[in-house]
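Student: As they're listed, the protein sequences go chains A, B, C and D. So in this note's numbering, spot 345 of the first sequence is number 937, and the numbers just go up one at a time. So in this note's numbering, spot 431 of the second sequence is number 1023, and the numbers just go up one at a time. So in this note's numbering, spot 295 of the third sequence is number 887, and the numbers just go up one at a time. So in this note's numbering, spot 263 of the fourth sequence is number 855, and the numbers just go up one at a time. The beta-carbon is built from N, C-alpha and C at its ideal position, and this holds for glycine as well. Everything numeric in this text was worked out from a predicted model, so none of it was measured. Got a structure here, written out as structure tokens. Questions coming.
Protein chains: 4
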Amino acid sequence: MSIERSARNPAAPAFPARAASPSASTLATRYSFVRGQTQALVAPLSPEDCQIQSMADASPTKWHLAHTSWFFETFVLELALAGYRAFEPRFRSLFNSYYNAVGAPYARPARGLLSRPSLDEVLEYRLHVDRQVLALLRAGDLDAALAPVVELGLNHEQQHQELILTDIKHVLCTNPLRPAYRPLPSAPLAGVQRLRWRAYDEAIVPIGHERGGFAFDNESPRHRVLVPAFQLASRPVTCGEYLDFIHDAGYTRPDLWLSEGWDAIRTQAWRAPLYWEEKAGAWWYATLAGERPVQPDEPVCHVSFYEADAYARWAGARLPTEFEWERAATGIAVEGNLQEGGAYHPRPSAPNDNDDLQQMFGDVWEWTQSAYASYPGFQPATGALGEYNGKFMCNQVVLRGGSCVTPQSHLRATYRNFFPTGVRWQFSGIRLARDAR
Amino acid sequence: MSIERSARNPAAPAFPARAASPSASTLATRYSFVRGQTQALVAPLSPEDCQIQSMADASPTKWHLAHTSWFFETFVLELALAGYRAFEPRFRSLFNSYYNAVGAPYARPARGLLSRPSLDEVLEYRLHVDRQVLALLRAGDLDAALAPVVELGLNHEQQHQELILTDIKHVLCTNPLRPAYRPLPSAPLAGVQRLRWRAYDEAIVPIGHERGGFAFDNESPRHRVLVPAFQLASRPVTCGEYLDFIHDAGYTRPDLWLSEGWDAIRTQAWRAPLYWEEKAGAWWYATLAGERPVQPDEPVCHVSFYEADAYARWAGARLPTEFEWERAATGIAVEGNLQEGGAYHPRPSAPNDNDDLQQMFGDVWEWTQSAYASYPGFQPATGALGEYNGKFMCNQVVLRGGSCVTPQSHLRATYRNFFPTGVRWQFSGIRLARDAR
Amino acid sequence: MSIERSARNPAAPAFPARAASPSASTLATRYSFVRGQTQALVAPLSPEDCQIQSMADASPTKWHLAHTSWFFETFVLELALAGYRAFEPRFRSLFNSYYNAVGAPYARPARGLLSRPSLDEVLEYRLHVDRQVLALLRAGDLDAALAPVVELGLNHEQQHQELILTDIKHVLCTNPLRPAYRPLPSAPLAGVQRLRWRAYDEAIVPIGHERGGFAFDNESPRHRVLVPAFQLASRPVTCGEYLDFIHDAGYTRPDLWLSEGWDAIRTQAWRAPLYWEEKAGAWWYATLAGERPVQPDEPVCHVSFYEADAYARWAGARLPTEFEWERAATGIAVEGNLQEGGAYHPRPSAPNDNDDLQQMFGDVWEWTQSAYASYPGFQPATGALGEYNGKFMCNQVVLRGGSCVTPQSHLRATYRNFFPTGVRWQFSGIRLARDAR
Amino acid sequence: MSIERSARNPAAPAFPARAASPSASTLATRYSFVRGQTQALVAPLSPEDCQIQSMADASPTKWHLAHTSWFFETFVLELALAGYRAFEPRFRSLFNSYYNAVGAPYARPARGLLSRPSLDEVLEYRLHVDRQVLALLRAGDLDAALAPVVELGLNHEQQHQELILTDIKHVLCTNPLRPAYRPLPSAPLAGVQRLRWRAYDEAIVPIGHERGGFAFDNESPRHRVLVPAFQLASRPVTCGEYLDFIHDAGYTRPDLWLSEGWDAIRTQAWRAPLYWEEKAGAWWYATLAGERPVQPDEPVCHVSFYEADAYARWAGARLPTEFEWERAATGIAVEGNLQEGGAYHPRPSAPNDNDDLQQMFGDVWEWTQSAYASYPGFQPATGALGEYNGKFMCNQVVLRGGSCVTPQSHLRATYRNFFPTGVRWQFSGIRLARDAR
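Written out as structure tokens, the structure is:
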């Protein structure tokens, strides 16, 4: 990546790196940093913004703030502190997301109906939890079995940071007034790398997380996979390329679509990515910085798996498997247009002439063609935390690489995100692959 | 009504009477008072409370605040002031409720998804509208045709005052934390009038509004109706009486129910009025003052038409027609437990021994058996305001008498409220009638 | 009615008149005739036709054949015959329509899923019931209390005769092959009476059935109603007149519609009556005799209450009340284009110049503006048969006068039919009324 | 498999084997045989049985008969015969299932609403098609490109044979009268093989169809897959074992279920396989031979993927991948309880003591854990037939091995069936796998 680009897209230097040594960055420091970052994201929002659940897939900001605290209260404080007094006992079910082992959760689609507790009370709840977790961490009193739970809780918190931004984007961008979360830090960029194909030979490759450092259970066990020869595109598909697909009647040709995709575009009247609107012959999109003309050189974003798949078919290519993606990403530094950069919007690739893969991390989550499944020998955690990942291994698809709203310290080449095939409100885009030729 | 009771339930003396002479109460004064009262109702609420739409039938408080201002802006200011500049042109569709003649309204079930404009901005919008309407009224510049529209706007505002309270009751009472809007101003009362039947002979009676004073178009034309002999209960059905119905298996006997009612109780698992809950063998209800044990002497409230009809059948009686009700109410003073009293909750009848009808006004809206229909010769207003009442004359039922959240100056004996047969979130109760015997 | 017309539309002379004296027409004869007529209606249908339930409102022909037999079995044979052995005990719930007092009925929308019993078995079931009912009737053994139940059962059977035709019309006319039930007995007619308004002064009129002859409970008690002066159209609205409404953008102007009607036409994409289709600029409709060009002089048919109401508003008129209708119909002979005529399709009025009301009986059911409600002092029957009419007095509208598929012996001026406001598959049309001028 | 068992479960010797040499079994002979077999399956059914679509997933028998003929008409006759005259041109859209390239198909959930064409007309349609296809085949006039299409059409026909049986089972077994399709040819069996685990080492194995003989496009290309070491159960899970799961509260413990599965059992109130019913403490199921007590030794059947997955988790095992299954099945003869045997119901395994895998083919389709996806390098056919398989590769799961209603000549070890995770009306069961230990 050229100096010029990284100057415009800096990884915030003050951000404590995830893999930093324990002496430089204790768990307590990391806890403070991550929890504080969540609250920083909420700063531009009013209590009313934080209240809204604009669709069943999304949650109110206030709920994210409460639920992430509930996580530490339920899985750390209640176990670590004899006689722990809950901030409010009724929060136990109110802010439970889906852990049946903890009790019956409050109905998900009704999360936006809780005006009480207020945002202020939820922030107080956070403070209550933070004070006690930090006291535990600083006193070194934490049971050895609970330290990994704190680490899990911080990664969980980072996932909700990303959801806070995607969910509030849905709130603001479906409001007819098209309000902005905050202005774009810099002007949109133009220029783009000419698409190249990078070739890989058939190989048996290790897939999944190696011991050392945090990873989710679904990245294990590390195992060997035979990956046939393939080629991978050097950068994601751009808005301009996607417009060619639209203009070539992409949304009206059933032969390009999976059967379910064709149903989805007809039932929901899709004719462009989410947040796109055609006005007087020109395409606009709503962003966290307000409404703007679609920028042709940016990676296309907010497409469903169906759209990614149809685009690939139209382009004479296909989506990569998650194994192809991981193989190609291994060894590439986790850098790019990530949450720390503060853009919260994808940026064009560097308009250079070399063959390097660009934007494997950040910008847009890349849909793979791989159904989300367990790795051979997978064992979920015991108890309630076993519900974290495993029970969702059904009818979802893996995305890789993180997006412009993913924290850098949260990502790695083995990271597996997953969503149902029809969702579009995540920062999800397309990188093409094709068979060796 | 005995002195003792009226001491507990005073009609606020400072409230300008609706029928006061023009010299004592100008339109400007009344405008200020009614608009201010709306905002006073919002005082106990947070911006988050005001944001929530807890079901499609209800609207957010913030929306009520904006829509009532939109009414004056659209139907008064835009017509009265050449070159009027809208506070925000996009509000024209955003806060249109259902006036197709004004343009396509914003989708009703999505009213709770607008975090912007904020509550503060909406209050500024109100101020903007108020300043200009008041200037018009005080300068005496208002076109003669527009004065009735201002009066209509104020009655419209009062309807939304009532809805603000019923809708926020739904928000708060379906929150598992059961928060209160504000404490009950006084302790619950006990004691109740022994039910008596007041008899009426067959007569041809005038029905509908006489000229003089404001009334809605649906109260006209005044016309004659032949009303057969009947008897009317001296007070509404109490919670205690309704509990007898419940304990007599009222909710499990199909012979007591209209076919649609039987469907409703099975589909929605009703087994008591809305907001009632059985805990450890005792019945509780959620109120605007928080959760309390059901008070047997209070009028039962939050029942659907189906439940009112089934109760009446169980009791060997029936619901009155709206003509029977109006005939009985004519000449009775519009006094009682109304919005001005500030209880926002029904109260027991006076435990006396006389035969007077009690609580014809206030406490609970009384379901009649009359389908909401036009009076012979009915003419809706021309233009958009013709959509106010007439287009809803279908599959709704008339309720009479106002409730504990209806402003006194808004009511009269000819007033016709109307709701679909299955709704329960209004302060709706039951007064029995029966055929002459 | 001119001779020419009645020649084309004869009331079948062999049909035993309803009010005939007991000596001329015993109950047994009438039983045989009515039950046989039901089966005659099924003759043109295949077992497959009889199997289909094309929507939840309709029922399969086979179900109608079984349910009407179930009625006699349950309400006559089981009571009259000690030790009666059911044809098949499981039919008791399988063919119960909605009598909760008899037990839980089989789910209505699943009536089309019962391939067994077969049509042949159901016809055998009919035979089994007929043999025993006729034996009872001929032996004169019937309990006095049961004779009226047999009479009710025959009227019930006639209602299902009408439903057999309306339901099979829906089956055939929504089949893309547009099959015919049978050919039209004669060529369509042209020519129509010029619309006249017949005026009525205000009067107190008796409404409801007088003692003598069969009537449903919902036609009683006879009572007095004050009917203001009004005018009634001399014939129903024609297809040609309705086309004017369509061409005047009737389906796109919200001001013409009730709010629920406007929702219905948008949600269901109505732009003409049911079974109408525009092809190459011309309007066609599907009929029981196959597809044909819309005939402008015929009464318009298969419109919902919403459409009838909107048309009336567009025409500067309104729908009549059921009291206006009954007053005007009193004294007019029950003759016209009825089931016995065998047309099963509405016919034009007689193109004469006199002021007589035409087509008050037959051709199309006429939507009134009256909600279906009990008459003052109404008492439903005791026991299960009390569920026949009363429990549906909610959110339905009264239609009067019968249609081209109603048996003559089933009708009278006091007869009240009722349907929800959105249904269109009945032979329902429009007669206009207006206020006196 | 012991002699005793195979005597009871013979592969019909007269059935022309799929892989027979061209000289022994020409395409014409095979065409006659397969088409005739379809009609033989319909023999026990009435026209009414053939009419019914009991749910959206299923189709009427009559539709299957027509659609399979449509396939040959559209993809063979229209291309092979210049000036071919369609039997009925409107069938082109009426009996199109999902081939968008052929035009807009008739709405799938409305397939049961077509009483016309009648069953007789559809049989005539079959005859019309058969005559012309056979003439082509016998004359040797068929274009070389069309012979594979005929072969595809026959395999397509066999898939619909299976669906005819599963769909009519749903029709009959959800009828409260519980009619039988036909009696069970022999008494139910008892006795079962003790479950053994057969171990496999890690290996790179070829997966997919080798050239030679018919296979669907989704079985290609043959490619190499690295399959880790695993163990496979020697026979499917039995009803008795599944009852242990039920009695151990299997349907009430969320920790055993995928999140979507837990939703499904709560929403749909599942507490046992489809067609099972508990009466007076004993379990019964409805079968094609009528209602019977559940037989503990038979393979459990009519379970969804969710139930298969939950059972496996409860049993401390997992479902096999499709690669594990195929590796184990390779080399095993395609024999067993298949359609030709005529049982149409699963049978117990042979109660022997050896370690052989039993029932890999027939009895019940075995849910794998593999999402249905394309093999590396997959190319769907061009044109409309490319829609056959590829467009369904999304949110479905692979099942292997065929069932008691699959024709023998239709199966092979590489055959991939696929269904959504929630369906239960197929003959789907469970074979366990576990990691090597």
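#1: Output, in sequence order along the chain, the residues in the segment 779–802 of chain D whose CB is closer than 7 Å to any CB in chain A.
#2: Which of helix, strand or coil does DSSP assign to residue 884(D)?
#3: To the nearest angstrom, how far is it from the Cα of residue 1013(B) to the Cα of residue 764(D)?
#4: Whole angstroms are fine: how far does the CA of residue 1026(A) sit from the CA of residue 910(A)?
#5: Taking the runs of the alpha helix (DSSP H) that are 4 residues or longer, which of them lie wholly in the segment 879–963 of chain B?
#6: Among residues of its own chain, excluding the 5 on either side of residue 688(A), which ones have a beta-carbon nearer than 6 Å to its beta-carbon?
#7: According to DSSP, simplified to helix, strand and coil, what is residue 664(D)?
#8: Using only the alpha-carbon positions, how far apart do residue 925(A) and residue 1004(A) sit?
#9: In terms of residue numbering, what span does the alpha helix (DSSP H) encompassing residue 1027(C) cover?
#10: Just how far apart, CA to CA, sit residue 624(A) and residue 728(A)?
#11: Leaving aside the five residues before and after residue 679(C) along the sequence, list all residues of the same chain whose C-beta is less than 6 Å from its C-beta, in chain order.
#12: Beta-carbon separation of residue 846(C) and residue 895(C) under 9 Å?
#13: For residue 819(D) and residue 795(D), I'd like the C-alpha separation in whole angstroms.
#14: What residues of chain A sit near residue 698(B), judged by a beta carbon separation below 8 Å?
#15: Contact between the segment 954–962 of chain B and the segment 979–995 of chain B is defined here as three or more beta-carbon pairs at a separation below 8 Å; is this criterion met?
#16: Report the three-state DSSP secondary structure of residue 830(B) (helix, strand or coil).
#17: Which same chain residues end up closer than 7 Å to residue 596(B) when comparing Cβ atoms and leaving out the 5 residues on each side of it in sequence?
#18: Using CA atoms only, rank isn't needed, just tell me which of 675(C), 636(C), 831(C), 889(C) is closest to residue 881(C).
#19: Would you mind sorting residue 998(D) into buried or exposed? The rule is 16 or more other CB atoms within 10 Å of its CB.
#20: To be precise: take each residue of the segment 644–658 of chain A, compare its Cβ to all Cβ atoms of chain D, and keep it if any distance is under 8 Å. Which residues remain?
#21: Report yes if the C-beta distance between residue 891(C) and residue 827(C) is below 9 Å; otherwise report no.
#22: Counting only the same chain and skipping the five closest in sequence on each side, list residues whose C-beta sits under 6 Å from that of residue 1010(C).
#23: Should the segment 808–824 of chain A be regarded as contacting the segment 865–880 of chain A, the criterion being three or more beta carbon pairs within less than 8 Å?
#24: Just to confirm the assignment, what range does the beta strand (DSSP E) spanning residue 1010(A) have?
#25: Which stretch, first to last residue, makes up the alpha helix (DSSP H) that contains residue 730(A)?
#26: Establish whether the CB of residue 852(C) and some CB of chain B are separated by less than 9 Å.
#27: Quick one: Cα of residue 788(A) to Cα of residue 802(D), how far?
#28: Taking three-plus beta-carbon pairs below 8 Å as touching, is the segment 700–718 of chain B in contact with the segment 630–648 of chain A?
#29: Say whether chain C places a C-beta atom closer than 9 Å to the C-beta of residue 1027(B).
#30: With DSSP run on the structure shown, which of helix, strand or coil describes residue 822(B)?
#31: Is the separation between the beta-carbon of residue 753(B) and that of residue 629(B) shorter than 9 Å?
#32: Write down the C-beta distance between residue 776(B) and residue 1002(B) rounded to the nearest angstrom, noting that I regard them as a contact closer than 8 Å.
#33: Could you name the residues of the same chain whose beta carbon sits closer than 6 Å to that of residue 879(D), not counting the 5 residues immediately before and after it, in chain order?
#34: Could you give the C-beta distance for residue 821(D) and residue 1028(D), rounded to a whole number, given that I count them as a contact under 8 Å?
#35: Compare the beta carbon distance of residue 759(C) and residue 650(C) with 9 Å and say whether it is the shorter of the two.
#36: Could you check whether residue 660(B) and residue 684(B) sit closer than 9 Å to each other, using their CB atoms as the reference points?
Tutor: So, from the data block:
#1: The residues in question are 796.
#2: What you label residue 884(D) is simply residue 292 of the fourth sequence in a count that begins at 1. In the three-state DSSP reduction, residue 884(D) falls in the strand class (E or B).
#3: The count along the second sequence starts at 1 and reaches residue 1013(B) at position 421. The count along the fourth sequence starts at 1 and reaches residue 764(D) at position 172. In this model, residue 1013(B) and residue 764(D) are separated by some 39 Å (Cα to Cα).
#4: Taking the first residue of the first sequence as 1, we reach residue 910(A) at position 318. Taking the first residue of the first sequence as 1, we reach residue 1026(A) at position 434. Whole-angstrom Cα-Cα distance: 6 Å.
#5: Runs of the alpha helix (DSSP H) inside the segment 879–963 of chain B: 897–906, 914–921.
#6: Translated into the one-based positions of the first sequence, residue 688(A) becomes position 96. Only 694, 697 meet the Cβ criterion.
#7: The sequence position of residue 664(D) within the fourth sequence is 72, counting from 1. Correct three-state label for residue 664(D): helix.
#8: Working through the first sequence from its first residue, we reach residue 925(A) at position 333. Working through the first sequence from its first residue, we reach residue 1004(A) at position 412. If you take the alpha carbons of residue 925(A) and residue 1004(A), they lie about 9 Å apart.
#9: Translated into the one-based positions of the third sequence, residue 1027(C) becomes position 435. Here residue 1027(C) belongs to no alpha helix (DSSP H); instead the beta strand (DSSP E) covers 1025–1027.
#10: Indexing the first sequence from 1 puts residue 624(A) at position 32. Indexing the first sequence from 1 puts residue 728(A) at position 136. When the Cα atoms are used, residue 624(A) and residue 728(A) turn out to be separated by approximately 13 Å.
#11: Counted from its first residue, the third sequence places residue 679(C) at position 87. Here the set comprises 717, 720.
#12: Position 254 of the third sequence, counted from the start, is the residue given in the question as residue 846(C). Position 303 of the third sequence, counted from the start, is the residue given in the question as residue 895(C). When the beta-carbon positions are compared, residue 846(C) and residue 895(C) stay at least 9 Å from each other.
#13: By 1-based counting over the fourth sequence, the position of residue 819(D) is 227. By 1-based counting over the fourth sequence, the position of residue 795(D) is 203. So the alpha carbons of these two residues sit roughly 5 Å apart.
#14: Locating residue 698(B) in the second sequence gives position 106, counting from the first residue. Simply 768.
#15: Cβ pair count under 8 Å is three or more, so yes.
#16: Position 238 of the second sequence, counted from the start, is the residue given in the question as residue 830(B). In the three-state scheme derived from DSSP, where H, G and I count as helix and E and B as strand, residue 830(B) is classed as strand.
#17: Counted from its first residue, the second sequence places residue 596(B) at position 4. For residue 596(B), the predicted model reports a pLDDT of 27, less than 50, meaning its position is unreliable; a value from the coordinates is still stated below. Cβ neighbours of residue 596(B) beyond the five flanking positions: none.
#18: The residue you call residue 881(C) lines up with position 289 of the third sequence. Proximity to residue 881(C) across 675(C), 636(C), 831(C), 889(C) peaks at 636(C), based on C-alpha coordinates.
#19: Position 406 of the fourth sequence holds residue 998(D). Under the 10 Å beta carbon count, residue 998(D) is surrounded by 16 or more other beta carbons and is classified as buried.
#20: Listed by position along the chain: nothing, the set is empty.
#21: Your numbering for residue 891(C) matches position 299 in the third sequence. Your numbering for residue 827(C) matches position 235 in the third sequence. Yes; because the gap between Cβ atoms is below 9 Å, this pair is in contact.
#22: Within the third sequence, residue 1010(C) is the residue found at index 418, counting from 1. Cβ within range, chain order: 964, 988, 990.
#23: As far as the Cβ criterion goes, the segment 808–824 of chain A does not touch the segment 865–880 of chain A, which means the pair count is below three.
#24: By 1-based counting over the first sequence, the position of residue 1010(A) is 418. Segment 1009–1011, the beta strand (DSSP E) holding residue 1010(A).
#25: Position 138 of the first sequence, counted from the first residue, corresponds to residue 730(A). DSSP places residue 730(A) inside the alpha helix (DSSP H), whose first and last residues are 711–731.
#26: Position 260 of the third sequence, counted from the first residue, corresponds to residue 852(C). By the rule that beta-carbons nearer than 9 Å mark a contact, residue 852(C) touches chain B.
#27: For the purposes of this step, residue 788(A) is taken as residue 196 along the first sequence, with counting starting at 1. For the purposes of this step, residue 802(D) is taken as residue 210 along the fourth sequence, with counting starting at 1. About 34 Å.
#28: Contact between the segment 700–718 of chain B and the segment 630–648 of chain A is present: 3 or more CB-CB pairs across the two stretches fall below 8 Å.
#29: In the second sequence, residue 1027(B) corresponds to position 435, counting from 1. Look at residue 1027(B): its C-beta is under 9 Å from a C-beta on chain C.
#30: Taking the first residue of the second sequence as position 1, residue 822(B) is located at position 230. In the structure shown, the three-state DSSP call for residue 822(B) is strand.
#31: Position 161 of the second sequence, counted from the first residue, corresponds to residue 753(B). Position 37 of the second sequence, counted from the first residue, corresponds to residue 629(B). Inclusion of residue 753(B) and residue 629(B) in the CB contact set at 9 Å is warranted, their separation being smaller than that value.
#32: Sequence index remark: in the second sequence, residue 776(B) carries index 184 (1-based). Sequence index remark: in the second sequence, residue 1002(B) carries index 410 (1-based). So it is not a contact: roughly 23 Å between Cβ atoms.
#33: Mapped onto the fourth sequence, residue 879(D) falls at position 287. Apart from sequence neighbours up to five positions away, the residues of its chain that approach residue 879(D) with a beta-carbon distance below 6 Å are 937, ordered along the chain.
#34: Here residue 821(D) refers to the residue found at position 229 when the fourth sequence is read from its first residue. Here residue 1028(D) refers to the residue found at position 436 when the fourth sequence is read from its first residue. Between residue 1028(D) and residue 821(D) the Cβ distance is about 4 Å, and since that is below 8 Å, they are a contact.
#35: The residue labelled residue 759(C) in the question sits at position 167 within the third sequence. The residue labelled residue 650(C) in the question sits at position 58 within the third sequence. In contact: residue 759(C) and residue 650(C) (Cβ atoms closer than 9 Å).
#36: Within the second sequence, residue 684(B) is the residue found at index 92, counting from 1. Within the second sequence, residue 660(B) is the residue found at index 68, counting from 1. Cβ distance not < 9 Å, so residue 684(B) and residue 660(B) don't count as in contact.
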